[in-house]
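What follows is a short report on a single structure.
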Amino acid sequence: TGRGRRSRPMSPTRSPHAGPVGPVAWAADDAARRRGRVAIFNATRPDGLDGGWTMDEQIYELMRAHILAMIDEEAEPDGTVALKRVVEEAQRRYADHPLFPKGRVRNYCTFTKVDLEARCEIERVVGSSPQRIQRWRVSD
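Residue numbers (my numbering): 3 to 142.
Have a look at this one:
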């Protein structure tokens, strides 16, 4: 289903944006998915929820697949890709997609990236500027 439910121990080198989030967030996500939505997680927010905001499940799954594919297919040899590249490519690829009638894709990509960090599917590279992301590392 692509829900990314993981509960891995935090590493001392992880970003504060990294998950996992607690049961309140997962319960909200289960409820949202019953309505065709996805609860957007943010590990820096209380209960792991970004203000109770939800996203259409089809948009979320498209952005999730895009972000993960960009990491898998476009990463540098170190396994990382610039977030700016991921977001720009999402805008280029999906601006005319029927899920985005106004052509605005960037924010959906960015919100999904934050959510995937909280779900422990991806992580930002600590100290990288501009920001780089990679698949979640099992351990350091």
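Using N, Cα and C, we set each Cβ at its ideal position, and we do this for glycine too.
Contacts around residue i, its chain only, beta-carbon distance under 7 angstroms, and the 5 residues preceding and following it disregarded
| i | result |
| --- | --- |
| residue 40 | 31, 34, 56, 57, 59, 62 |
| residue 112 | 89 |
| residue 73 | 83, 124, 135, 136, 137 |
| residue 91 | 72 |
Burial state of residue i (16 or more Cβ within 10 Å)
| i | result |
| --- | --- |
| residue 66 | buried |
| residue 103 | exposed |
| residue 125 | buried |
| residue 99 | exposed |
| residue 80 | exposed |
| residue 115 | buried |
| residue 3 | Since pLDDT at residue 3 reaches only 42, below the 50 mark, its modelled position is unreliable, and the value read off the structure follows with that caveat. The residue in question, residue 3, is exposed, as its Cβ has fewer than 16 Cβ neighbours within 10 Å. |
Cβ neighbours of residue i in the same chain (closer than 8 angstroms, five flanking residues each side left out)
| i | result |
| --- | --- |
| residue 26 | 49, 50, 51 |
| residue 75 | none |
Any C-beta of chain B under 8 angstroms from that of residue i
| i | result |
| --- | --- |
| residue 88 | Judged by its chain identifiers, the structure shown contains no chain B, having just a single protein chain. |
Nearest neighbour of residue i, chosen from the options [CA to CA]
| i | options | result |
| --- | --- | --- |
| residue 120 | 43, 29, 36 | 43 |
| residue 54 | 108, 28, 76 | 28 |
Proximity below 8 angstroms, CB of residue i to CB of residue j
| i | j | result |
| --- | --- | --- |
| residue 82 | residue 134 | yes |
| residue 101 | residue 70 | no |
Spatial neighbours of residue i in its chain, beta-carbon cut-off 6 angstroms, leaving aside the 5 residues before and after
| i | result |
| --- | --- |
| residue 105 | 97 |
| residue 131 | none |
Cross-strand partners of residue i (DSSP beta bridge)
| i | result |
| --- | --- |
| residue 113 | DSSP lists no partner for residue 113. |
| residue 45 | Looking at the DSSP assignment, residue 45 forms no beta bridge with any residue, so it has no partner. |
| residue 83 | 135 |
| residue 98 | Answer by DSSP bridge pairing: none, since residue 98 is not bridged. |
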